[in-house]
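S.K.:
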Amino acid sequence: MSNTETTAYLDRLLKLYEEKLHRFRLSLALLLVGTLVFFFLIFFPYITLLGNQEACRENPQCTKPEKSKLEDRLSEITTSWGKVPISTAEVTALFPVGVACGFVVVTAQLQGLTRLRRAITQQLKASSNYIDVTLIAPLLIDPKSGWVDRMAGVTILLFPFCVFIYSSVKILTRLEVLKNKLPYIQAARFYYLIYFLSAFTAIYTLVRLSFLFPGRNKNAR
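First residue of the sequence shown? That's 18 in the working numbering, and the numbers climb one at a time after it.
1) Which value, in whole angstroms, describes the spacing of the CA atoms of A237 and V121?
2) Report buried or exposed for T52, applying the criterion of at least 16 other Cβ atoms within 10 angstroms of its Cβ.
3) For E193 and Y208, I'd like the C-alpha separation in whole angstroms.
4) In angstroms, rounded to a whole number, what distance separates the CA positions of L189 and F176?
5) Look at the alpha carbon of V171 and the alpha carbon of F181, and state the distance between them as a whole number of angstroms.
6) Among Q70, V108 and K32, which residue has its Cα nearest to the Cα of P200?
7) Buried or exposed: V123, going by 16 or more other Cβ atoms within 10 Å of its Cβ?
8) Could you give the residue range of the alpha helix (DSSP H) that holds I188?
9) For S144 and R134, I'd like the C-alpha separation in whole angstroms.
10) Have a look at I158, G129 and Y183 and flag the residue whose alpha-carbon is nearest the alpha-carbon of K37.
11) So, helix, strand or coil for I103, using DSSP?
12) In the structure shown, what three-state DSSP assignment does D159 receive?
13) Can you tell which of P113, A106 and L127 has its C-alpha closest to the C-alpha of V39?
14) Would you tell me roughly how many angstroms separate the C-alpha atoms of F41 and I153, rounded to the nearest one?
15) So A25 packs on A117, CB below 8 Å; how close in whole Å?
16) Please report how far the alpha carbon of K187 lies from the alpha carbon of G115, in whole angstroms.
17) How close, in whole Å, do the beta carbons of L174 and I158 come, if the pair is a contact with beta carbons under 8 Å?
18) For L229 versus R132, is the C-beta spacing smaller than 9 Å?
19) Which of the three DSSP states is assigned to P62 in this structure?
20) Secondary structure at I148, three-state DSSP: helix, strand or coil?
21) Applying the 10 Å Cβ sphere with the 16-neighbour rule, what's the burial state of Q70?
22) By Cβ distance below 8 Å, which residues in the same chain neighbour R167 in space, the five residues on each side in sequence not counted?
Structure (structure tokens):
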């Protein structure tokens, strides 16, 4: 391609990258905020409540605790369409799956950005002027960035995945108590299956992302 064609193609790539980067940052922000809010306001308090109730049942000297308002926190929320048709127990059971789905979406978006960044790098190598690709096409985890910036990016990306692992383990340890409060499927193997599939999908997308990084320092300018 001529210099004019190369420049026009590069401009289109940069415009597309900017659009995808905006969607990625929005998705990542929603995932992080949603994970933190649901974890500290609903999941952790409710799992702690179940643990206290289980410990009380095992202690003959413990008086039967009154029903906590936390158990009806969501079902008491009223909207213009009526009350929210979901219980705290249901949200708690589905919380790890939701986090895993969000993590898969964000990781897939980062994969797309990484491939697009590679195409931009190739076009910059064909141009006559030196341009730092990290300035015009930044990445959350950038091989050309400093060690601190790379570790910060890895930490941000893996935080939801760590929450998924922690919440799944906590639910499975309280599964006998939790499943009795659910109005639908109460078979333990069902929850083991959905958490396993969620973990497998999340790890698979993470491994695919990692395959895009080796050798990138050779292509970056």
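All residues carry an ideal CB built from backbone N, CA and C; glycine is no exception.
M.R.: Based on what the coordinates show:
1) Model confidence at A237 stands at a pLDDT of 42, short of 50, so the residue's coordinates are unreliable; what they give is reported in the following sentence. In this structure, the alpha-carbon of A237 lies about 26 Å from that of V121.
2) buried
3) 11 Å
4) 20 Å
5) As the crow flies, the alpha-carbon of V171 is around 16 Å from that of F181.
6) V108
7) Looking at its Cβ environment, which holds 16 or more other Cβ atoms inside 10 Å, V123 is buried.
8) W164 to T190
9) 15 Å
10) It is G129.
11) For I103, the three-state secondary structure derived from DSSP is coil.
12) coil
13) One point to set straight first is that residue 39 is His, not Val, in the sequence displayed. Cα-wise, what sits closest to H39 is L127.
14) F41 and I153: Cα-Cα distance of roughly 16 Å.
15) About 41 Å; that fails the 8 Å criterion.
16) 15 Å
17) Correct: roughly 7 Å between the Cβ atoms.
18) Cβ atoms of L229 and R132: closer than 9 Å.
19) Correct three-state label for P62: helix.
20) coil
21) buried
22) Cβ within range, chain order: I158, D159 and P160.
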